[in-house]
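Below: the structure, in structure tokens.
2 protein chains.
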Amino acid sequence: MPKAELEKVKSDLEKSYQEFREKKLNLNMARGKPSDPQLALSMPMLDELGSSADFHASSGEDCRNYGMPEGLPELREIFAAMMGVPADHVIIGGNSSLNMMFDTVCCGMTHGFSGCEPWGRQRHLKFLCPSPGYDRHFAVTQYFGFELVTVPMAATGPDMDVVERYAESDSSVKGIWCVPKYQNPTGITFSDETVRRFANLKPAAADFRIFWDNAYCVHDLTGTPDRLLNLWDECKKAGTLENVFFFASTSKITFPGSGVAAMAAGDENKKILRERYSFQTIGPDKLNQLRHLKFLKNLDGVKAQMARHRAIIAPKFQTVLNGFEKNLAGKRIAAWSRPNGGYFISIDVLPGCAKRVVSLCAEAGVKLTGAGATFPYGKDPNDSNIRIAPTFPPVSELEQAVALFCVCVQLAAAEKLLRA
Amino acid sequence: MPKAELEKVKSDLEKSYQEFREKKLNLNMARGKPSDPQLALSMPMLDELGSSADFHASSGEDCRNYGMPEGLPELREIFAAMMGVPADHVIIGGNSSLNMMFDTVCCGMTHGFSGCEPWGRQRHLKFLCPSPGYDRHFAVTQYFGFELVTVPMAATGPDMDVVERYAESDSSVKGIWCVPKYQNPTGITFSDETVRRFANLKPAAADFRIFWDNAYCVHDLTGTPDRLLNLWDECKKAGTLENVFFFASTSKITFPGSGVAAMAAGDENKKILRERYSFQTIGPDKLNQLRHLKFLKNLDGVKAQMARHRAIIAPKFQTVLNGFEKNLAGKRIAAWSRPNGGYFISIDVLPGCAKRVVSLCAEAGVKLTGAGATFPYGKDPNDSNIRIAPTFPPVSELEQAVALFCVCVQLAAAEKLLRA
Chain A
10 MPKAELEKVK SDLEKSYQEF REKKLNLNMA RGKPSDPQLA LSMPMLDELG
60 SSADFHASSG EDCRNYGMPE GLPELREIFA AMMGVPADHV IIGGNSSLNM
110 MFDTVCCGMT HGFSGCEPWG RQRHLKFLCP SPGYDRHFAV TQYFGFELVT
160 VPMAATGPDM DVVERYAESD SSVKGIWCVP KYQNPTGITF SDETVRRFAN
210 LKPAAADFRI FWDNAYCVHD LTGTPDRLLN LWDECKKAGT LENVFFFAST
260 SKITFPGSGV AAMAAGDENK KILRERYSFQ TIGPDKLNQL RHLKFLKNLD
310 GVKAQMARHR AIIAPKFQTV LNGFEKNLAG KRIAAWSRPN GGYFISIDVL
360 PGCAKRVVSL CAEAGVKLTG AGATFPYGKD PNDSNIRIAP TFPPVSELEQ
410 AVALFCVCVQ LAAAEKLLRA
Chain B
10 MPKAELEKVK SDLEKSYQEF REKKLNLNMA RGKPSDPQLA LSMPMLDELG
60 SSADFHASSG EDCRNYGMPE GLPELREIFA AMMGVPADHV IIGGNSSLNM
110 MFDTVCCGMT HGFSGCEPWG RQRHLKFLCP SPGYDRHFAV TQYFGFELVT
160 VPMAATGPDM DVVERYAESD SSVKGIWCVP KYQNPTGITF SDETVRRFAN
210 LKPAAADFRI FWDNAYCVHD LTGTPDRLLN LWDECKKAGT LENVFFFAST
260 SKITFPGSGV AAMAAGDENK KILRERYSFQ TIGPDKLNQL RHLKFLKNLD
310 GVKAQMARHR AIIAPKFQTV LNGFEKNLAG KRIAAWSRPN GGYFISIDVL
360 PGCAKRVVSL CAEAGVKLTG AGATFPYGKD PNDSNIRIAP TFPPVSELEQ
410 AVALFCVCVQ LAAAEKLLRA
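These protein sequences, in sequence, are chains A and B. Note that my numbering has the first sequence beginning at 10, numbered continuously upward. Note that my numbering has the second sequence beginning at 10, numbered continuously upward.
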């Protein structure tokens with residue numbers, strides 16, 4: 010495009026942007042936060058445990074009192090089915106799978122795995138961070154002093170050549186963060202080959218661990234859901250079960266913050282963690298477990314609940330994608346994901362433009378996830394990736410927010426091209 | 010008593026013991042566990058948050074969604090009143106104050122306090138354990154590799170000469186476990202002088218911390234409740250607020266395992282812990298907080314609930330004390346506590362007899378807390394202390410259990426005296 014034409018385009022975009030500013034919007038696409046209609050889906054759960062309910066587990070124990078530190082057997086079975094692991098390897102926790110991941114890293118720091126020195130007594134620790142990825146994962150290992158190593162994300166999952174090179178040659182590399190299905194933020198699902206390469210990883214460090222956070226394992230958005238190869242089964246074949254910790258939660262099935270979290274691990278790891286939990290707590294909240302069990306009942310109940318979520322949020326994803334298609338397609342200034350599930354759409358704008366786009370949106374009243382947040386240390390080397398969270402605002406607000414966003418993407422691109 | 014007479018007494022006791030065995034009892038006085046009628050007191054709480062309830066905090070935020078990591082302001086105020094601290098220094102946690110204590114010790118291990126090297130990087134750590142005391146406290150510091158140092162308990166609290174000698178001269182001593190009111194298991198409340206000496210402690214280690222677990226702060230059993238001097242105020246006067254972590258929970262106010270826990274700390278410590286929590290979790294279960302707030306309302310509501318608990322459990326304590334009085338008084342073979350609150354009665358039998366008593370009771374179908382459990386490493390140097398937990402069994406069962414217990418105490422004493 011000739012410079013004069015580009016100046017004209019930029020001037021038109023500035024006018025559009027100014028019009029958006031005058032609307033004084035106050036919208037938020039920053040957090041993967043369920044919307045009010047989604048919260049309403051779980052309201053019946055709160056009536057399951059009124060004062061006239063039966064408070065006994067199937068084993069006969071009173072869920073209102075101390076006991077049953079491993080959690081309700083039937084709820085362990087639901088998590089087992091969701092995660093694709095055997096129920097007797099599931100440990101139910103409190104309300105937050107992030108908390109279980111933090112505690113697991115912390116267990117490595119203070120007590121170690123596989124008989125190795127605790128991580129806290131080893132020098133210079135590294136952790137692999139497939140990026141763009143989930144900022145709160147990276148932050149946990151940063152808090153404990155790990156050097157965060159960026160691993161590029163491909164359409165098939167983390168770049169396994171890079172993963173293998175680091176994990177198999179450097180014993181200071183102690184683990185990797187993974188969201189294997191509908192990854193945050195790219196929405197991609199790891200390919201069968203990626204899963205198999207994880208199962209067959211031969212880490213240099215005996216205490217290397219894969220943190221397999223299956224946060225969106227049942228969170229389909231379309232009639233053509235992704236299918237994730239079962240890592241537990243593949244590891245069992247390869248004899249590498251002790252390399253992995255599995256995580257999931259109901260935070261985006263029932264209530265964020267008032268859900269139930271769970272993890273699973275092989276015999277040796279589970280023994281280490283169960284021992285730690287036996288010192289850490291007398292047990293998790295079994296009434297909330299019972300409430301969930303009565304409401305969800307089994308895996309079919311979970312799936313039915315997720316279909317209801319899908320009916321609410323799939324149109325929101327479509328709204329964002331339609332906006333991108335209409336305003337950005339064919340212009341070679343942005344590329345975005347079209348996920349079959351999960352909570353996010355990931356968009357790459359022109360290198361050097363992500364911060365500018367987020368800042369333009371913020372000035373016009375639309376809050377986005379901070380540019381760079383999806384990379385270690387909050388620094389996107391290309392300043393290109395932006396995570397869009399479409400679930401919380403109503404469709405009408407989303408339409409406005411996306412229209413503004415597309416103006417900002419184009420305006421930032423025009424500014425960049427005119428500088429060049 | 011002449012030997013022949015003692016033989017006769019022993020033979021009568023053996024006969025009584027045999028009669029108890031034939032009853033095939035199956036009773037439990039081992040755990041500080043609320044009884045079914047106590048659980049029933051909190052059932053109305055479960056109706057406070059049905060699907061038609063208002064789910065908004067007074068600040069307008071939706072308690073069903075992410076946010077408010079510090080917890081509901083009004084619930085923080087209730088805990089502040091219970092603990093005797095300012096509300097803005099309270100951090101609400103999950104369902105377990107033990108978990109908050111574990112995490113706080115763990116924070117010391119991995120990140121340290123007062124700018125000192127993390128405990129995990131320092132050599133040879135020690136922790137003071139007033140004994141008899143709470144086994145789960147001691148176990149946390151044992152898990153993290155501390156040497157447990159026994160501090161004798163007096164009627165006024167831990168022997169402060171010993172506490173001061175260790176804490177003020179040895180920088181490897183990093184803290185002390187305290188249950189200042191209705192201590193587990195002795196039932197005593199720390200005297201004003203003890204509290205003042207804690208406030209004026211000048212620890213050799215800058216990262217020494219008092220773990221002030223006020224687990225029974227509102228758990229009165231009589232019309233003459235104990236009064237605990239306010240440590241927060243005393244520390245403020247002495248300029249030593251950063252020496253202390255304060256803890257409490259509703260585990261024995263509402264539901265064990267489904268209650269709410271809280272802690273409080275001075276500015277610097279609170280900042281360290283809040284930072285840790287910001288990495289560890291997105292936030293605690295606010296629906297359970299809201300449920301508690303609607304049910305308890307304020308400190309008066311807490312006190313009214315505790316009066317209902319007292320009506321149920323005070324007669325159980327009296328049953329045990331009556332049994333002791335009737336069967337053991339004046340025989341110089343046992344001394345026991347007569348607590349004004351809390352969950353336990355502590356009894357010292359003749360040195361070398363505690364294990365034998367617990368084992369005799371177990372064989373006759375009455376389960377007690379393991380002898381030695383109230384001392385570091387589970388080893389009572391005198392093999393003398395036994396913790397009685399009277400809250401769970403109904404009075405009729407307690408009568409039988411206590412009668413058997415008294416037979417066992419006398420039998421073990423007779424066996425010992427005949428060996429001598």
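We put the beta carbon where it would ideally sit given N, CA and C, even for glycine. Remember, it's a predicted structure, so these values are computed and weren't measured experimentally.
Can the beta-carbon of methionine 315 of chain B be found less than 8 Å from the beta-carbon of aspartate 229 of chain B?
yes
CB contact flag (isoleucine 87 of chain A, glycine 266 of chain B, <8 Å)
no
Mind pulling the chain A residues with CB within less than 8 Å of phenylalanine 111 of chain B?
Those are Phe288, Gln289, Thr290, listed as they occur along chain A.
If we ignore side chains and look at the alpha-carbon of each, how far apart do glutamate 372 of chain A and phenylalanine 264 of chain B end up?
Rounded to the nearest angstrom, the gap between the Cα atoms of glutamate 372 of chain A and phenylalanine 264 of chain B is 48 Å.
Which residues of the stretch 56 to 72 of chain A have a Cβ closer than 9 Å to any Cβ of chain B? Give them in chain order.
Asp56, Leu58, Gly59, Ser60, Ser61, Ala62, Phe64, Asp71, Cys72
Check whether the Cβ atoms of alanine 176 of chain B and alanine 398 of chain B sit closer than 8 Å, and answer yes or no.
The criterion of a C-beta distance shorter than 8 Å is not satisfied by alanine 176 of chain B and alanine 398 of chain B.
Nearest-angstrom Cα distance between isoleucine 219 of chain A and serine 106 of chain A?
15 Å
May I have the straight-line CA-CA distance separating valine 411 of chain B from aspartate 56 of chain B, to the nearest angstrom?
38 Å
Backbone secondary structure at leucine 359 of chain A - three-state DSSP
coil
Just how far apart, CA to CA, sit leucine 15 of chain B and serine 25 of chain B?
15 Å
Where lysine 303 of chain A falls: helix, strand or coil (DSSP)
Three-state result, lysine 303 of chain A: helix.
As an exercise, report each continuous alpha helix (DSSP H) stretch of at least 4 residues that is fully enclosed by the stretch 190 to 215 of chain A, in chain order.
201 to 208
Against chain A, does valine 149 of chain B count as a neighbour if the rule is that its beta carbon must be under 8 Å from one of theirs?
yes
Measure the CB-CB distance between serine 123 of chain A and glutamate 243 of chain A and report whether it falls below 8 Å.
no
Extent of the continuous beta strand (DSSP E) to which threonine 263 of chain B belongs:
Note, threonine 263 of chain B: premise wrong, no beta strand (DSSP E); not H, not E.
Please confirm whether threonine 378 of chain B has its beta-carbon closer than 8 Å to some beta-carbon of chain A.
no
Would aspartate 294 of chain A count as contacting chain B if we go by Cβ distances under 8 Å?
Taking Cβ atoms only, chain B reaches closer than 8 Å to aspartate 294 of chain A, which makes this a yes.
Residue from A:Gly351, A:Leu240, A:Phe353, A:Val366 whose Cα sits closest to the Cα of alanine 343 of chain A:
A:Val366
Check whether chain B comes within 8 Å of glycine 129 of chain A, counting only Cβ atoms and requiring the distance to be less than that.
yes
Every unbroken alpha helix (DSSP H) within the stretch 322 to 402 of chain B, with a cutoff of 4 residues, ordered by chain
363 to 372
Is the CB of cysteine 138 of chain A under 8 Å away from at least one CB in chain B?
Not an interface residue.
Mind checking whether valine 329 of chain B and leucine 34 of chain B have CB atoms under 8 Å apart?
At a Cβ-Cβ threshold of 8 Å, valine 329 of chain B and leucine 34 of chain B do not count as neighbours.
Assuming leucine 157 of chain A is part of the beta strand (DSSP E), what are its boundary residues?
156 to 163 is the extent of the beta strand (DSSP E) around leucine 157 of chain A.
Going by DSSP in three states, cysteine 116 of chain B sits in which element: helix, strand or coil?
helix
Residue closest to arginine 396 of chain A, alpha-carbon to alpha-carbon, out of A:Asp144, A:Ala96, A:Ser60, A:Asp45
A:Asp144
Would you mind telling me which residues of chain A sit closer than 9 Å to leucine 48 of chain B, beta carbon to beta carbon, in chain order?
Phe64, Asp71, Arg73, Asn74
So with CB distances below 9 Å, who are the chain A contacts of lysine 42 of chain B?
Neighbours of lysine 42 of chain B on chain A, chain order: Asn74, Tyr75, Gly76.
When DSSP labels each residue in this structure, what does lysine 135 of chain A get in the three-state scheme?
strand
Check whether the stretch 126 to 142 of chain A and the stretch 318 to 327 of chain A touch, using three or more Cβ-Cβ pairs below 8 Å as the test.
Output reads no: the stretch 318 to 327 of chain A does not touch the stretch 126 to 142 of chain A.
For phenylalanine 304 of chain B, would you say it is in contact with chain A, using Cβ-to-Cβ distances shorter than 8 Å as the test?
Taking Cβ atoms only, chain A never reaches closer than 8 Å to phenylalanine 304 of chain B, which makes this a no.
Could you pull the start and end residues of the alpha helix (DSSP H) that methionine 91 of chain A belongs to?
82 to 92
Output, in chain order, the set of chain A residues within a Cβ distance shorter than 7 Å of phenylalanine 264 of chain B.
Arg73, Leu296
Residues near leucine 369 of chain A by beta carbon distance below 6 Å, same chain, minus five either side
Cys417
Could you give the distance in angstroms between the alpha-carbon of alanine 211 of chain A and the alpha-carbon of histidine 98 of chain B?
Residue identity differs from the one stated: residue 211 of chain A is lysine in this sequence, not alanine. Their backbone Cα atoms lie some 48 Å apart in a straight line.
Should methionine 38 of chain A be flagged as near chain B, meaning a C-beta pair shorter than 8 Å?
no
Helix, strand or coil for histidine 318 of chain A per DSSP?
helix
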